[in-house]
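Comments concern the structure below.
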Amino acid sequence: MTYPVPVTRRTSPVSVASILEASYARYGSKPALLDGDVVHSYADLGRRVHRVVAALTALGATRGDRVAVLGANSPVFIEVSQAAFVGGFVRVAPSSKLHPLEVVELVEDCRARFLFVDEDWAQRIPAVRDRMPSVEHVIGMAGAAPDAVPYAELIDRADPGAPEDLPGPDELCALLYTSGTTGRPKGAMLTHGNWAAMIRNSMIELPPIEADEVMLHVAPLSHFSGYVEPTYSARGAFHIVSPQFNPAQVVQAIERHRVTAMPLVPTMLNMLLPAAEARTADVSSMRTIVYGGSGIAPDRLARAVTAFGDVFVQFFGLSETPMPLAALSPGDHRFAVDGPVPPRLASAGRVNPFVELRICDEERAPLPAGEVGEIVVRGDVVMAGYWERPEQTAEMIDEDGWAATGDLGRIDADGYLYVVDRKRDMIVTGGYNVYPTEVENAISALPDVHEVAVVGAPDEQWGEAVVAVVVPRPGAALTAEDVVAACLARLATYKKPRAVEFVEELPRTGSGKIMRRQLRERLWAGRDRHVG
């Protein structure tokens, strides 16, 4: 039997925009964002966000236009990101570590009309400006910049009134760029409903977000920190933004601002440990350190729990199926110091109750508990598809809505998910995704290279390190420095090989395909997992 709900009592559709607008009103006088010595309240932040929306609209922006935000962490980065959500635009946030030519490829793929840049990128963009015909306006987030409109000037003359019509849950709010087997960037299209689901699922897995929450952003706002920020804004947290990661400065900032929450990637945590253990600053205010991208070595995790307490939460997710699909709780982490490390410490945690997740064989048939297969996901966290790539979308998401993650895993009897390998060849180094094909393409451009295969090797600091296995042409005087230089000329620094091996030939299948897996297995021999 059904019970129809009267129209007047139906819940309004939730979007990231409606969540943020509610926070501006609900937490009006609470501190929202520290900008130098100025503290913006939530009401102030709302007005500044509305000014950005109005300014972009005055420049001709319409719903669905792509707005790119490029730069290091800053308060303005948060303002522009929220403005994109509230205004019904589509936020695109390339990593500030990318090579300018990589930025060009990404911006032109989505045909971004507006490009916000920080001080560093304002000096770099003019050299490639003519390669970005889609960009109509460049806005300098940190003041005057060559051929750019200053951000302050842009918003000072704009209307602070809220938009009359907020975007709904089915409208796009962001493109999260990833690569793949072709090495070409492709944008995972997230809707407002997708992001709202990410906020809901995060709140389920995180410790309670209290009224006095203070979040420190040292991980990139273009990536992990930017995914977590709206969840804490939804609960009225005070945001402190650090433009760079310096371990000694981070612990001092925690003490000075009484920071309670911080998103990190494991590499950052590894670098932060010595500063925390030195106890030169009081970090006892910390309640939550949420991390993702890869796991943490058990010995370092034990040290981290000793230094910071029971504050760690691990999130697992993908650009196409945002976090947390599964989470490892503070209680799970406590086992690292209370006794023998249980197997679950190597897991990604328990599957979120709002996510349909199962382990399947090659035919997408479900496998019993404990068996290894591909992790597939369904639900309101699954992206709308890849931007203008219907064939690749169909390859990932079947007609029933199940998305193939490309990760191999198993689920134990207690519901803990273990990611044991990757079906695809992606490398995760320092929290950043690297796709072998893009590195191989850069190396193959060298005339002395006959062929090359790129794989990930275990690395204590970075999780995984990029390794290039190169077959030189006969008689070539090729060096490792040549290989690295070829990558740096076209790619972000974090994508360069940290090791180069020269071999006479690469292992191949009977059909002639290079066997990257065989190369990886040699490098990962003796380890339970083949991922960082």
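All residue numbers for the sequence shown refer to UniProt numbering, where the first residue is 1 and numbers rise by one. Cβ coordinates follow ideal geometry from the N, Cα and C atoms, glycine included.
Which first and last residues belong to the alpha helix (DSSP H) in which residue i is found?
{"i": "Leu45", "result": "42 to 58"}
{"i": "Val351", "result": "Unbroken run through Val351 is the beta strand (DSSP E), 349 to 351; no alpha helix (DSSP H)."}
{"i": "Gln82", "result": "75 to 87"}
{"i": "Lys34", "result": "Checking the sequence shown, residue 34 turns out to be Leu, not Lys. Not the alpha helix (DSSP H): Leu34 falls in the beta strand (DSSP E), residues 31 to 35."}
{"i": "Ile26", "result": "The sequence shown places Arg at residue 26, not Ile. Here the alpha helix (DSSP H) through Arg26 covers 16 to 26."}
Mind checking residue i: buried by the 16 CB within 10 Å criterion, or exposed?
{"i": "Leu488", "result": "exposed"}
{"i": "Ile397", "result": "buried"}
{"i": "Asp159", "result": "exposed"}
{"i": "Gly161", "result": "exposed"}
{"i": "Arg303", "result": "buried"}
{"i": "Thr405", "result": "buried"}
{"i": "Val80", "result": "buried"}
{"i": "Gly430", "result": "buried"}
{"i": "Arg520", "result": "buried"}
{"i": "Ser18", "result": "buried"}
{"i": "Pro25", "result": "Note on residue identity: the sequence assigns Ala, not Pro, to residue 25. Classification for Ala25: exposed."}
{"i": "Val313", "result": "buried"}
{"i": "Thr493", "result": "exposed"}
{"i": "Val351", "result": "buried"}
{"i": "Gln82", "result": "buried"}
{"i": "Thr288", "result": "buried"}
{"i": "Ile443", "result": "buried"}
{"i": "Thr62", "result": "exposed"}
{"i": "Ala127", "result": "exposed"}
{"i": "Ser23", "result": "buried"}
{"i": "Met215", "result": "buried"}
{"i": "Asp44", "result": "buried"}
{"i": "Asp156", "result": "exposed"}
{"i": "Ile139", "result": "buried"}
{"i": "Gly64", "result": "exposed"}
Just to check my reading of the structure: residue i and residue j have Cβ atoms closer than 8 Å, yes? What is that Cβ distance to the nearest angstrom?
{"i": "Ala326", "j": "Leu264", "result": "Their Cβ separation, rounded to whole angstroms, is 18 Å, which puts Ala326 and Leu264 out of contact at 8 Å."}
{"i": "Ala453", "j": "Glu438", "result": "13 Å between Cβ atoms; not a contact."}
{"i": "Arg517", "j": "Ala465", "result": "Not confirmed; about 17 Å, so no contact."}
{"i": "Tyr227", "j": "Pro353", "result": "So it is not a contact: roughly 20 Å between Cβ atoms."}
{"i": "Glu320", "j": "Asp282", "result": "With a Cβ gap of about 40 Å, Glu320 and Asp282 do not count as contacting."}
{"i": "Ser347", "j": "Leu301", "result": "Contact doesn't hold; Cβ gap of about 13 Å is too wide."}
{"i": "His137", "j": "Leu59", "result": "6 Å"}
{"i": "Gly370", "j": "Asp412", "result": "7 Å"}
{"i": "Val382", "j": "Ala403", "result": "5 Å"}
{"i": "Phe316", "j": "Pro324", "result": "6 Å"}
Under 6 Å Cβ to Cβ from residue i, same chain only, skipping five residues before and after it: list those, please.
{"i": "His192", "result": "Ser15, Val16, Pro167, Pro169, Glu171, Cys173"}
{"i": "Gly187", "result": "Cys110, Leu175, Tyr177, Trp387"}
{"i": "Leu523", "result": "Ala457"}
{"i": "Arg124", "result": "Pro100"}
Looking only at DSSP bridge pairs, what is residue i linked to?
{"i": "Gln314", "result": "Tyr291, Leu328"}
{"i": "Val467", "result": "Val455, Ala499"}
{"i": "Tyr416", "result": "Arg350"}
{"i": "Ala404", "result": "Val376"}
{"i": "Ile411", "result": "Leu417"}
{"i": "Leu206", "result": "Note: Leu206 sits in no beta bridge, so no partner."}
{"i": "Ile296", "result": "Its beta-bridge partners do not exist; DSSP assigns none."}
{"i": "Thr191", "result": "Leu172"}
{"i": "residue 580", "result": "Here the chain covers residues 1 to 532 and nothing more, so residue 580 does not appear."}
{"i": "Gly140", "result": "Val117, Pro150"}
{"i": "residue 569", "result": "An answer regarding residue 569 cannot be provided, because it is not within the stretch 1 to 532 covered by the chain."}
{"i": "Met262", "result": "Ile289"}
{"i": "Arg490", "result": "According to DSSP, which records beta bridges pairwise, Arg490 is partnered with nothing at all."}
{"i": "Pro472", "result": "Val449"}
For the beta strand (DSSP E) that contains residue i, what are its first and last residues?
{"i": "Gly373", "result": "373 to 378"}
{"i": "Pro507", "result": "Neither: Pro507 is in no beta strand (DSSP E) and is coded neither H nor E."}
{"i": "His223", "result": "Here His223 belongs to no beta strand (DSSP E), and DSSP marks it neither H nor E."}
{"i": "Pro185", "result": "Segment: none, Pro185 is in no beta strand (DSSP E) and carries neither H nor E."}
{"i": "Arg520", "result": "Note, Arg520: premise wrong, no beta strand (DSSP E); alpha helix (DSSP H) at 516 to 523."}
{"i": "Glu356", "result": "356 to 360"}
{"i": "Tyr432", "result": "432 to 434"}
{"i": "Arg256", "result": "Here Arg256 belongs to no beta strand (DSSP E); instead the alpha helix (DSSP H) covers 247 to 257."}
{"i": "Ala93", "result": "First-last for Ala93: undefined, no H or E at that position."}
Give me, in chain order, the residues of the same chain whose beta-carbon lies closer than 8 Å to that of residue i; leave out the 5 immediate sequence neighbours on both sides.
{"i": "Pro274", "result": "Pro247"}
{"i": "Asp389", "result": "Note on residue identity: the sequence assigns Arg, not Asp, to residue 389. These residues qualify, in order along the chain: Lys186."}
{"i": "Arg200", "result": "Phe354"}
{"i": "Met286", "result": "Ile254, Val259, Thr260, Ala261, Met262, Phe308, Gly309, Val311"}
{"i": "Val503", "result": "Val469, Val470, Val471"}
{"i": "Glu108", "result": "Arg131, Met132, Pro133, Ser134"}
{"i": "Lys30", "result": "Ser41, Tyr42, Gly236, Phe238"}
{"i": "Val377", "result": "Thr321, Leu325, Val355, Glu356, Leu357, Trp402, Ala403, Thr405"}
To which residues of the same chain is residue i closer than 7 Å at the C-beta, ignoring the five residues directly before and after it?
{"i": "Ala276", "result": "Val251, Val283, Ala307, Phe308"}
{"i": "Leu106", "result": "Pro94, Tyr177, Pro185"}
{"i": "Ala196", "result": "Val14, Ser15, Val16, Ile19, Pro169"}
{"i": "Met268", "result": "Val218, Ala219, Phe245"}
Hey, is residue i close to the ligand SAM, as in C-beta under 7 Å from one of its heavy atoms?
{"i": "Ala142", "result": "Among the components of this structure there are no ligands whatsoever, and the ligand SAM is therefore not found."}
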